[in-house]
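Quick notes on the structure that follows.
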Amino acid sequence: MAYPDAAWERAMTVQEVVLKALSGEIHWFRAADILGMSARTLRRWRERYEQYGYVGLVDKRRQSPSVRRVAAPEVARLLRLYRERYQGFNVRHFHQIARREHGAKVSYSFLKQTLQAAGLVRKHAREGGTAAGVSPAPASASCCIWMAARMPGWRGSPTGARR
Numbered sequence: 116m117a118y119p120d121a122a123w124e125r126a127m128t129v130q131e132v133v134l135k136a137l138s139g140e141i142h143w144f145r146a147a148d149i150l151g152m153s154a155r156t157l158r159r160w161r162e163r164y165e166q167y168g169y170v171g172l173v174d175k176r177r178q179s180p181s182v183r184r185v186a187a188p189e190v191a192r193l194l195r196l197y198r199e200r201y202q203g204f205n206v207r208h209f210h211q212i213a214r215r216e217h218g219a220k221v222s223y224s225f226l227k228q229t230l231q232a233a234g235l236v237r238k239h240a241r242e243g244g245t246a247a248g249v250s251p252a253p254a255s256a257s258c259c260i261w262m263a264a265r266m267p268g269w270r271g272s273p274t275g276a277r278r
């Protein structure tokens, strides 16, 4: 598997900064700041450099093509299988059948995201309401009456009855 040129260029930059820090030219905290990472992350990169050399500095997430990719014909086969034979099954049940009876090797989460993207399975709404956790419903009438009762000048208000 090959890495893109950008990954190798980044590895060269990291190597230069790590070598300057190893030689004592710059402090490790400064090196981490230059690379835009925490000091702890830079210690891990330094350990990989010491163990594997220059190749240890290549970001393994940038590998292309990904080792976890699924071939397009396999995805098409699973989508066709769901559409033609298992329409209406929930994703968990379809995943079990696809692995057991049809030899699928994909993960549940990949299959679920693929079926949702194809529009074959509905996405469920998140639980929990709004981001702040407060219901967006308007205040109840009793709350409004309570607030109005506290306003000056309102009849029956403890602070100022009409004269």
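Using the numbering used here, read the sequence shown as starting at 116 and increasing by one per residue.
Each residue gets a CB set at the ideal place from its N, CA and C atoms; glycine is no exception.
Original post:
If you draw a straight line from the C-alpha of Y164 to the C-alpha of R155, how long is it?
Top reply: Translated into positions along the sequence shown, residue 164 becomes position 49. Translated into positions along the sequence shown, residue 155 becomes position 40. One C-alpha to the other measures close to 14 angstroms.
**OP:** Note the first and the last residue of the continuous alpha helix (DSSP H) segment covering H208.
**Re:** Looking up residue 208 in the sequence shown gives position 93. Segment V206 to H217, the alpha helix (DSSP H) holding H208.
**OP:** Below 8 angstroms on the Cβ atoms is my guess for Y167 versus A126; work out the distance and round it to an integer in Å.
**Re:** The residue given as residue 167 occupies position 52 in the sequence shown. The residue given as residue 126 occupies position 11 in the sequence shown. Their Cβ separation, rounded to whole angstroms, is 11 angstroms, which puts Y167 and A126 out of contact at 8 angstroms.
Subject >> Three-state secondary structure (DSSP) of A117 >> reply: Residue numbering aside, residue 117 sits at position 2 when the sequence shown is read from its first letter. A117 falls in the strand class under three-state DSSP.
**OP:** Within the same chain, show all residues whose beta-carbon is closer than 8 angstroms to that of R278, passing over the 5 residues directly before and after it, in chain order.
**Re:** Residue 278 sits at position 163 when you count from the first residue of the sequence shown. Because the pLDDT of R278 is 49, which lies under 50, any placement of that residue in the model is unreliable, and the number read from its coordinates should be weighed accordingly. Taken in chain order, the list of residues that qualify is empty.
**OP:** Tell me where the alpha helix (DSSP H) around R200 begins and ends.
**Re:** On the sequence shown, position 85 is the one that residue 200 refers to. For R200, the enclosing alpha helix (DSSP H) has its first and last residue at A187 to R200.
Original post:
Beta-carbon separation of V173 and F225 under 9 angstroms?
Top reply: Looking up residue 173 in the sequence shown gives position 58. Looking up residue 225 in the sequence shown gives position 110. At least 9 angstroms separates the beta-carbon of V173 from that of F225.
**OP:** Could you check what DSSP says for I149 in three-state terms: helix, strand or coil?
**Re:** To locate residue 149, count along the sequence shown from 1; it is residue 34. Three-state result, I149: helix.
Original post:
From V221 to K227, what distance separates their C-alpha atoms?
Top reply: Along the sequence shown, read from residue 1 onward, the residue named residue 221 stands at position 106. Along the sequence shown, read from residue 1 onward, the residue named residue 227 stands at position 112. Between the alpha carbons of V221 and K227 lies a distance of about 10 angstroms.
Original post:
alpha helix (DSSP H) containing Y164: first to last residue?
Top reply: For the purposes of this step, residue 164 is taken as the residue at position 49 of the sequence shown. A154 to Y167 is the span of the alpha helix (DSSP H), which, as asked, contains Y164.
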